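Number of protein chains: 2
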Amino acid sequence: MAVDLELAPKTKRPAGEPCCEPVVYPDVEREQAERMAKIAKALGDPVRLQLVDVLRKHAGKVCVCELVPLFDLSQPTVSHHLKVLRAAGIVGSERQGLWAYYYVIPDALEELSAWLS
Amino acid sequence: MAVDLELAPKTKRPAGEPCCEPVVYPDVEREQAERMAKIAKALGDPVRLQLVDVLRKHAGKVCVCELVPLFDLSQPTVSHHLKVLRAAGIVGSERQGLWAYYYVIPDALEELSAWLS
DNA sequence: GGTTCAAATAGATGGCTGTCGATCTGGAAC
DNA sequence: GTTCCAGATCGACAGCCATCTATTTGAACC
Numbered sequence: 028m029a030v031d032l033e034l035a036p037k038t039k040r041p042a043g044e045p046c047c048e049p050v051v052y053p054d055v056e057r058e059q060a061e062r063m064a065k066i067a068k069a070l071g072d073p074v075r076l077q078l079v080d081v082l083r084k085h086a087g088k089v090c091v092c093e094l095v096p097l098f099d100l101s102q103p104t105v106s107h108h109l110k111v112l113r114a115a116g117i118v119g120s121e122r123q124g125l126w127a128y129y130y131v132i133p134d135a136l137e138e139l140s141a142w143l144s
Numbered sequence: 028m029a030v031d032l033e034l035a036p037k038t039k040r041p042a043g044e045p046c047c048e049p050v051v052y053p054d055v056e057r058e059q060a061e062r063m064a065k066i067a068k069a070l071g072d073p074v075r076l077q078l079v080d081v082l083r084k085h086a087g088k089v090c091v092c093e094l095v096p097l098f099d100l101s102q103p104t105v106s107h108h109l110k111v112l113r114a115a116g117i118v119g120s121e122r123q124g125l126w127a128y129y130y131v132i133p134d135a136l137e138e139l140s141a142w143l144s
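Residue numbers (our numbering), protein chains in the order written: chain A, 28 to 144; chain B, 28 to 144.
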C-alpha cells in the first residue's frame with residue numbers, strides 16, 4: 028500500500044559493480060495508482076467484467092431482472108457484484124417502480140483505459 | 028464464475044407489464060472475460076500497478092534491487108507482487124549473475140486495453 | 001571450502017472475497 | 001390493509017490475499 032517516493036533509499040553498495048545505478052521512479056503517483064487499482068480490482072472478476080460489458084453495450088439502463096438469468100449464480104450474488112461495481116464508481120443504479128436499472132457511469136474507466144494505451 | 032449463456036431462462040412473468048422483455052447477452056464471452064479479469068485482478072493492487080508502470084516506462088529490463096526501495100515494503104513482499112504479475116503473464120524475468128531483471132511482456136495488456144477503449 | 005549478497009521461498013497471520021440460503025424492504029395491485 | 005414480487009441486506013463459511021519474519025537458494029568472490 029504505502030508507496031514511499033521521496034528519494035529512494037540508497038542501497039549501500041560498497042565495492043564491486045553496482046547492479047543498477049540510475050534509480051527509477053514511477054511516473055504514476057500513489058494516488059493515481061490507487062484510483063486505477065480500485066477500478067482494476069473491481070474488474071478483476073469475470074462476472075463483474077461481463078456485467079460491465081453488457082451495460083456498456085446497452086448504452087441505456089438495464090434491468091437487474093435481465094442480468095440475473097445471464098449467470099449461473101443466485102440473485103444475491105449478482106446483487107453483490109453490482110454493489111461492488113457501484114462502490115468502485117463504475118456503475119450507477121436507479122429504481123423505477125418495482126425494478127432496478129443499472130448503467131455504466133461515463134468516463135469511469137477512462138483513466139485506466141488511457142494508462143493502458 | 029460459471030456464465031450460462033444458452034438461452035437465458037425465462038423469468039416467468041404472468042401478468043402485469045414485463046420489466047424488460049428483450050433479454051440481453053454479453054458480447055464478451057466467458058473465456059475472454061476470464062482472460063481479461065485475470066489481467067485486471069493482477070493490476071488491482073496499487074503496488075503492482077506502479078511496478079508495471081515503472082517497467083513499462085523503462086522499455087528495457089529493470090533490476091529488482093531498483094524496484095524494492097521504491098516501496099515502503101519488505102523485499103519478500105515486492106518479490107511476491109512480481110510473482111503475481113509474472114503468473115498473470117504481464118511481466119517476465121531474467122537472471123543475470125547475482126541480480127534479477129524484470130520486463131513487461133509486450134501485448135500482455137492489449138486485449139484488456141482494447142476492450143476498455 | 002567459506003563468506004557475502006540478491007532474490008526467492010516457506011510459514012504464519014489477519015483480513016478480505018465470492019458464494020449461498022434466509023430474511024428484510026418497499027412499491028404495485030388487489 | 002394484505003398480498004405479491006424484485007431487489008437488497010444479513011449471516012455464515014470456505015478460500016484467497018497482502019504482509020511480515022525467517023530461511024533457503026544460488027551466484028560471485030576471497
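Every residue gets a Cβ at the ideal spot worked out from N, C-alpha and C, and that includes glycine. Note that the structure is a prediction, hence the values are computed from the model and not measured.
Run through chain B and tell me which residues come within less than 8 Å of Leu76(A), C-beta to C-beta. Going along chain B in sequence order, the residues near Leu76(A) (Cβ under 8 Å) are Val55, Ala60, Met63, Ala64, Ala67.
Give me whichever residues DSSP pairs with Arg122(A) in a beta bridge. Per DSSP, Ala127(A).
Rounded to a whole number of angstroms, what is the C-alpha to C-alpha distance between Leu32(B) and Val118(A)? Interpretation of Leu32(B) is limited by its pLDDT of 31, a score under 50 that renders its predicted location unreliable; the figure taken from the coordinates is listed afterwards. The straight-line gap from Cα to Cα measures roughly 22 Å.
Distance, Cα to Cα, Pro103(A) vs Ala115(B)? When rounded, the separation of the alpha-carbon atoms in Pro103(A) and Ala115(B) is 29 Å.
Would you call the CB atoms of Val95(B) and Val81(B) closer than 7 Å? For Val95(B) and Val81(B), no; Cβs fall outside 7 Å.
Determine the extent of the alpha helix (DSSP H) in which Val136(B) is found, giving its start and end residues. In the sequence as presented, Val is not what sits at residue 136(B); that position holds Leu. Per DSSP, Leu136(B) belongs to no alpha helix (DSSP H) and is neither H nor E.
Considering only DSSP beta bridges, list what Val105(B) is partnered with. According to the DSSP secondary-structure assignment, Val105(B) is paired through a beta bridge with no residue.
Inter-residue spacing [alpha-carbon to alpha-carbon] between Lys88(B) and Ala64(B): Straight-line measurement puts the Cα of Ala64(B) at about 26 Å from the Cα of Lys88(B).
Does DSSP classify Pro41(B) as helix, strand or coil? For Pro41(B), the predicted structure reports a pLDDT of 37, less than 50, and the residue's modelled location is therefore unreliable. A value from the coordinates is still provided. Coil, per DSSP.
Contacts of Ser140(A) in chain B (Cβ-Cβ under 8 Å): From the beta-carbon of Ser140(A), the residues of chain B found nearer than 8 Å are Ser140, Leu143, Ser144.
Sorted by chain position, which residues of the same chain lie with C-beta nearer than 7 Å to Leu75(A)'s C-beta, five sequence neighbours on each side aside? A small fix is needed here, since residue 75(A) is Arg in this sequence, not Leu. Exclusion of the five residues before and after Arg75(A) leaves Ala69, His108, Val111, Leu112 as the residues of its chain whose Cβ lies within less than 7 Å of its Cβ.
Per DSSP, cross-strand counterpart(s) of Cys90(B): Beta-bridge pairing by DSSP links Cys90(B) to Tyr128(B).
Roughly how many angstroms separate the alpha carbons of Trp126(A) and Glu93(A), rounded to a whole number? Their Cα atoms are separated by approximately 10 Å.
Taking C-beta pairs closer than 7 Å, name the residues in chain B that Gly71(A) reaches, listed in chain order. Taking the beta carbon of Gly71(A) as reference, the chain B residues within 7 Å of it are Ala64, Ala67, Lys68, Gly71, listed in sequence order.
Sequence-distant residues of the same chain with beta carbon closer than 8 Å to Leu97(A), five excluded per side: Same-chain partners within the cutoff: Gln77, Val81.
Proximal chain A residues relative to Leu136(B), where beta-carbon distance stays under 8 Å: Close to Leu136(B), with beta-carbon spacing below 8 Å, are these residues of chain A in chain order: Leu143.
Quick one: what does DSSP say Ala115(A) is sitting in, helix, strand or coil? It is coil, neither helix nor strand.
Between Val91(A) and the rest of its own chain, which residues show a CB-CB distance below 6 Å, the 5 nearest in sequence each way excluded? These residues qualify, in order along the chain: Ala127.
Other residues of its chain near Ser120(B): CB distance less than 8 Å, five sequence neighbours each side excluded: Cβ contact annotation for Ser120(B) (same chain, cutoff 8 Å, sequence separation greater than five): Leu109, Arg113, Ala127, Tyr128, Tyr129, Tyr130, in chain order.
Please report the Cβ distance between Leu143(A) and Leu100(B), rounded to the nearest whole angstrom; I am assuming they are in contact, meaning their Cβ atoms lie under 8 Å. In this structure Leu143(A) does not touch Leu100(B) by the C-beta definition: roughly 24 Å separates them, more than the 8 Å allowed.
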